[in-house]
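S.K.: I have a structure I would like to understand better, so I am pasting it below and will then ask my questions one at a time.
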Amino acid sequence: MDTIKTLLVRLQSFIAVTLLVTVAACSLPPPAEPTPAVSATAVPSPTNSILPTPPAATTVPPTPARRSPPLGTFFFYWYNCPQQECNADQLRAVPPGWLTPLPDDPDPRDGLSYSSYNYDWYEQELRTMAATGIDIVFPVSWGDHPHPWFQQDRINLLVQANGVLDRPLQIGMFLDTTAQQGMYQEFVGNGYRFGPNVPRLPLSDPRSGYFFYNLHIRDFFQRVPREMWATIDGRPIIITYTALCCDHIELSGALWRAVKDAFRTDFGVEPWLILEETWLNSQALAPPAGLPSSAEVADGVYRWGTALVGPYTGELRGFKVSSVGPGFDNSRIPGVSDPRVQPRDEPPGGGPVAPGAFLRASLAAIPPDTDLVLIETWNEWPENTAVAPATYTDRDGRPLPPDFYLQIIREWRATFGSAP
């Protein structure tokens, strides 16, 4: 609580620290206003040289191959199948373990199947990621909430399973900010509720930072060993979901500044903060006098929803984040009044139809100088944005190999940066 008291004094009773986590991370935000890009300044080439001209026979050294950027993916561990909320009729593709114990699970008693209780499930998923070329796993974090099988302590099992890999993956945080809306509503006596028809967390409330940092971010990074942290320039990565959780977004820059300061106090390093672009809308870029905008505090920007709308590269002060997905279909989720569908076999903007065309074209659109690539998602099954092994079919219902989309990613990793 000392951290919060310090933040409240600093932010003068109307700003605090918060972070988003939610099943709403599964519901796509409305189109966002364009995010201003700040490009890296180009270094001019010298026009004159004091060095002598080399002989014509001098061999010009080959141009070095482009580097391959780190590849991350969003990992959803909010499942406990087949016990709770695991109706296969809502899925387009069913993963192994959804209805029956995992194949070759050495001890199915620890969770039975596709479950956040099951250590063997975590290990299998992480090994598959590593074999695909994934460098960073971003578990979707909600902190603690009413669902017992999706509590923050499930990160302990993920860390344990990651530790047995020959080369453990790096772990970053995907802060699903819907959680902050639910935490706040429960705190004020309205029950744990979130969604478009529920009051949002006002960033003008000085307690807002408590739900972002003290109840969420700090505990996550205390559970992940430092040697497993995904970092950029030595700073641990936090990626946020959208700003749909909150009101008074003009105060978001002060909120994230306070989060960074609190993190540095507790861990001795400032996090590398990648905001979803709705945190950089026109309201967020117009803070009250004397307070920073979210663009001044963030270290990167990305777009959530590329599995539906196509590939996107966000740039902030020269740091580029590219996000892609395989397609989208939420038409089988009960209660969705306006379902949205992006077939997996139709490339963004049109073109020849073929299995996996949307993901192939999206990966091909990634610029060669991007700094981080995000796959949306590893296993968000109800919205059909997953790439993990499952019972995929083509548009005519013919079965595809279970690792069909992973092979597309492997092929892209093998060729990206090898050709000019």
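Using numbering that gives the first Met the number 0, the letters of the sequence shown map in sequence onto residues 0 to 419.
Cβ coordinates follow ideal geometry from the N, Cα and C atoms, glycine included.
None of the values given here were measured: they were computed from a predicted structure.
What are the start and end residues of the beta strand (DSSP E) that includes Y121?
M.R.: The sequence position of residue 121 within the sequence shown is 122, counting from 1. Y121 -> not in any beta strand (DSSP E); alpha helix (DSSP H) instead, spanning 118-131.
S.K.: Between V320 and G299, is the Cβ-Cβ spacing less than 7 Å?
M.R.: Taking the first residue of the sequence shown as 1, we reach residue 320 at position 321. Taking the first residue of the sequence shown as 1, we reach residue 299 at position 300. Yes, they are a contact pair.
S.K.: Which partner residues of N79 appear in the DSSP bridge assignment?
M.R.: Against the sequence shown, residue 79 aligns to sequence position 80. Paired residue(s): Q83, S114.
S.K.: What's the gap between the Cα of S292 and the Cα of A353?
M.R.: On the sequence shown, residue 292 is found 293 positions in, with the first residue counted as 1. On the sequence shown, residue 353 is found 354 positions in, with the first residue counted as 1. Approximately 44 Å, taken between the alpha carbons.
S.K.: So, is T384 buried or exposed, given that buried needs 16 or more other C-beta atoms within 10 angstroms?
M.R.: Indexing the sequence shown from 1 puts residue 384 at position 385. The residue in question, T384, is buried, as its Cβ has 16 or more Cβ neighbours within 10 Å.
S.K.: Return yes when the Cβ of F149 is within less than 7 Å of the Cβ of W255, no when it is not.
M.R.: Sequence index remark: in the sequence shown, residue 255 carries index 256 (1-based). Sequence index remark: in the sequence shown, residue 149 carries index 150 (1-based). Contact: no.
S.K.: Under the assumption that V139 contacts D104 (Cβ atoms under 8 Å), give the Cβ distance between them as a whole number of angstroms.
M.R.: Stepping through the sequence shown from its first residue, residue 139 is reached at position 140. Stepping through the sequence shown from its first residue, residue 104 is reached at position 105. Contact flag wrong, Cβ pair sits at about 23 Å.
S.K.: Quick one: any contact between the stretch 193-204 and the stretch 123-138, if contact means 3 or more CB pairs under 8 Å?
M.R.: No, because fewer than three Cβ pairs between the stretch 193-204 and the stretch 123-138 fall closer than 8 Å, the two stretches do not touch.
S.K.: Classify F403: buried if its beta carbon has 16 or more other beta carbons within 10 angstroms, exposed otherwise.
M.R.: By 1-based counting over the sequence shown, the position of residue 403 is 404. Classification of F403: buried, given that the 10 Å Cβ count is 16 or more.
S.K.: Pick out whichever of P205, C85, R263 has its Cα sitting closest to the Cα of S251.
M.R.: As a first step, residue 251 is located in the sequence shown; it is residue number 252 there, counting from the start. Minimum Cα distance to S251 is reached at P205.
S.K.: According to DSSP, is L250 part of a helix, a strand, or is it coil?
M.R.: For this step, residue 250 is matched to residue 251 along the sequence shown. L250 falls in the helix class under three-state DSSP.
S.K.: In the DSSP assignment, find the unbroken beta strand (DSSP E) run with V308 in it and report its ends.
M.R.: If you number the sequence shown from 1, residue 308 lands on position 309. No beta strand (DSSP E) holds V308; the alpha helix (DSSP H) holding it covers 305-308.
S.K.: Would you kindly report the start and end of the unbroken beta strand (DSSP E) that includes F73?
M.R.: Walking along the sequence shown from the start, residue 73 turns up at place 74. Run containing F73: 70-74, per the beta strand (DSSP E) assignment.
S.K.: Rounded to whole angstroms, how far is the Cβ of A253 from the Cβ of P286, which I believe are closer than 8 Å?
M.R.: If you number the sequence shown from 1, residue 253 lands on position 254. If you number the sequence shown from 1, residue 286 lands on position 287. Contact flag correct, Cβ pair sits at about 7 Å.
S.K.: Within 8 Å, do at least three Cβ pairs link the stretch 378-394 to the stretch 84-103?
M.R.: Yes: at least three Cβ pairs fall under 8 Å.
S.K.: Threshold first: 3 residues or longer. Then list the beta strand (DSSP E) segments lying entirely within the stretch 138-190, N to C.
M.R.: With a minimum length of 3 residues, the continuous beta strand (DSSP E) runs that stay inside the stretch 138-190 are 172-174.
S.K.: Is it true that the CB of I237 sits closer than 7 Å to the CB of L202?
M.R.: Within the sequence shown, the letter at position 203 stands for residue 202. Within the sequence shown, the letter at position 238 stands for residue 237. No. Outside cutoff.
S.K.: Considering only residues of the same chain and omitting the five flanking positions on each side of P338, which have a CB-CB separation below 6 Å?
M.R.: As a position in the sequence shown, residue 338 is number 339, starting the count at 1. Answer for P338: N329, S330, listed in chain order.
S.K.: Am I right that V258 and Y209 are in contact with their C-beta atoms under 8 Å? What's the rounded C-beta distance?
M.R.: Position 259 of the sequence shown holds residue 258. Position 210 of the sequence shown holds residue 209. No, V258 and Y209 are not in contact; Cβ-Cβ is about 11 Å, not under 8 Å.
S.K.: Among the residues of its own chain, which have a CB less than 6 Å from the CB of G324, if the five just before and after it don't count?
M.R.: Reading the sequence shown from its first residue, position 325 is the one you call residue 324. Once the five neighbours on either side are set aside, the close Cβ partners of G324 are T305, A306, E375, T384.
S.K.: In the stretch 251-321, which residue ranges form an unbroken alpha helix (DSSP H) of at least 4 residues, counting only runs that do not cross its ends?
M.R.: For the stretch 251-321, whole alpha helix (DSSP H) runs of length 4 or above, ordered along the chain, are 251-266, 293-296, 305-308.
S.K.: Can you tell me the Cα-Cα spacing of F318 and G188, whole angstroms?
M.R.: For this step, residue 318 is matched to residue 319 along the sequence shown. For this step, residue 188 is matched to residue 189 along the sequence shown. The straight-line gap from Cα to Cα measures roughly 41 Å.
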